[in-house]
């Protein structure tokens, strides 16, 4: 439908609308206007449909739309309140009506969908917060250094005054606050792993594959001639591979990452993958997270019980377990849930969210009920999470210049991400 057509329909509505009715409809040759006057008396909630649509369903949609207004305008249902919450209302209406059709959702589900969390957004915010914390630490160190210098100067002045007499005090010059400084590390290192796992619905691990990478970025050209000393554990079953320009013998014998030509600098300003590793296994004990799902048909409904068990080896963040559900008129009824849940009616997926799995919740379960359905419809189950700890026991101990052996400052981050994690 074009914009001109929409504007024409809206322009015709004031000429057709009656007065003194709480909710009603009026028809033209081609469309039906279903509307409801708002409490302020100067605005209408309007739904434009085809003449062939079900009027009872249209009124039901109108009532649900009307419920969203006080929810998102903080009770201020007037022109100012609606204008202030315009974007929130648009998002809420979009959850109720999709591509011209009503979604089978409740007011509680609409609110849940519009407030849903984004894994990528959380990860981005965590990285931003980490940079802010680094900057604050630098500012604290600078402030401490300034206070220390001021204290030493005062002590020195007091000693001089004791030797030569007391001089008239002079007003102290105000000391400017140290500006916020960006991280000053000369080298940045990123250790990242991507995990691929396939679990069998009847129990057991079909395959687990892990790929890791260490990225090095030199930020200061003066510190481009360097060697990286790593510290690694046993790492049984891991296969390591260095960059073609890295001295393989040096790494194999001394766990040091350095270029074959010690007089050749690392590239500045771009990340270089200096070390890669792989790990494959079918040993269930290596799994960071085990998932079991039991759909059970009982009379006219299907009860789905799902549970997780996490390894003690690492804490998991932003865990999302997505269970596909067959098409149904009403959303599933959740009987119990350790964590949070949301039902994506559009894609037919029940999402189980656990923000953090640590020693306080290594085990958890969820149970929901839907009308009777084939048990095959609840698979495959997709799982996503991240961790600040990697499977490979490796870290950077120190970095030094090849020219004079002087230490080089460095920083970075370590993370493990899920590429694919399924129960089939």
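Numbering (the UniProt record's numbering), first residue to last: 1 to 424.
All C-beta atoms in this analysis are idealised placements derived from N, C-alpha and C, irrespective of residue type, glycine included.
When you compare each of the options to residue i by their alpha carbons, which one comes out closest?
i	options	result
residue 261	227, 79 and 332	227
residue 410	254, 397 and 204	397
residue 12	24, 31, 423 and 293	31
residue 204	291, 412 and 236	291
residue 385	321, 379 and 369	321
residue 389	247, 325 and 192	192
residue 186	380, 399 and 418	399
residue 318	357, 90, 247 and 295	357
residue 312	391, 299, 339 and 337	391
residue 43	54, 50, 66 and 420	66
residue 288	309, 132, 295 and 422	309
residue 85	96, 273 and 69	69
residue 201	376, 107, 151 and 52	376
residue 316	387, 51 and 7	387
residue 7	48, 29, 34 and 17	48
residue 24	415, 61 and 9	61
residue 190	133, 105 and 417	417
residue 272	219, 16, 114 and 232	219
residue 296	378, 249, 2 and 231	378
residue 184	415, 52 and 135	135
Bridge partners for residue i per DSSP, in chain order?
i	result
residue 239	278
residue 369	303 and 333
residue 196	209 and 420
residue 151	None, per the DSSP bridge assignment.
residue 268	218
residue 350	323 and 343
residue 45	36
residue 102	97
residue 407	400
residue 363	309
residue 138	Answer is none; residue 138 lacks a bridge partner.
residue 188	217 and 411
residue 382	322 and 422
residue 259	246
residue 50	31
residue 356	317
residue 203	Residue 203 is not bridged to any residue.
residue 273	215
Just curious, the alpha helix (DSSP H) that residue i is in, first and last residue?
i	result
residue 8	3-16
residue 83	79-84
residue 28	Note, residue 28: premise wrong, no alpha helix (DSSP H); not H, not E.
residue 391	Counting along the chain, residue 391 falls outside any alpha helix (DSSP H), and DSSP gives it neither H nor E.
residue 440	Because the chain here runs from 1 to 424, residue 440 falls outside it and cannot be looked at.
residue 110	107-114
residue 68	55-72
Following the continuous beta strand (DSSP E) through residue i, name the residue where it begins and the one where it ends.
i	result
residue 397	394-401
residue 340	340-344
residue 416	410-423
residue 37	31-37
residue 296	289-298
residue 231	226-232
Does residue i come within less than 9 Å of chain C when only Cβ atoms are used?
i	result
residue 190	Annotation note: the requested chain C is absent from the structure, which comprises a single protein chain.
Check your understanding: Would you call the region 359-373 and the region 305-324 in contact, with 3 or more CB pairs under 8 Å?
Key -> yes
Exercise for review: Decide yes or no for the touch test of the region 339-353 against the region 272-283: beta carbon pairs closer than 8 Å, at least 3 of them.
Suggested key: no
Review point. Three or more beta-carbon pairs under 8 Å between the region 369-384 and the region 202-216, yes or no?
Key: no
Practice item. Say whether the region 36-54 touches the region 68-87, bearing in mind that this needs 3 or more beta-carbon pairs closer than 8 Å, one atom from each stretch. Key: yes
Practice item. Evaluate the contact criterion for the region 96-107 versus the region 136-152: three or more CB pairs, one atom per stretch, below 8 Å. Key: no
Point to revise | Sufficient close CB pairs (3 or more, under 8 Å) joining the region 83-97 to the region 322-339 | key: Contact between the region 83-97 and the region 322-339 is absent: fewer than 3 CB-CB pairs across the two stretches fall below 8 Å.
**Study point:** Inter-stretch contact (C-beta, 8 Å, three-pair minimum) for the region 263-278 and the region 238-250
**Key:** They touch, by the three-pair rule.
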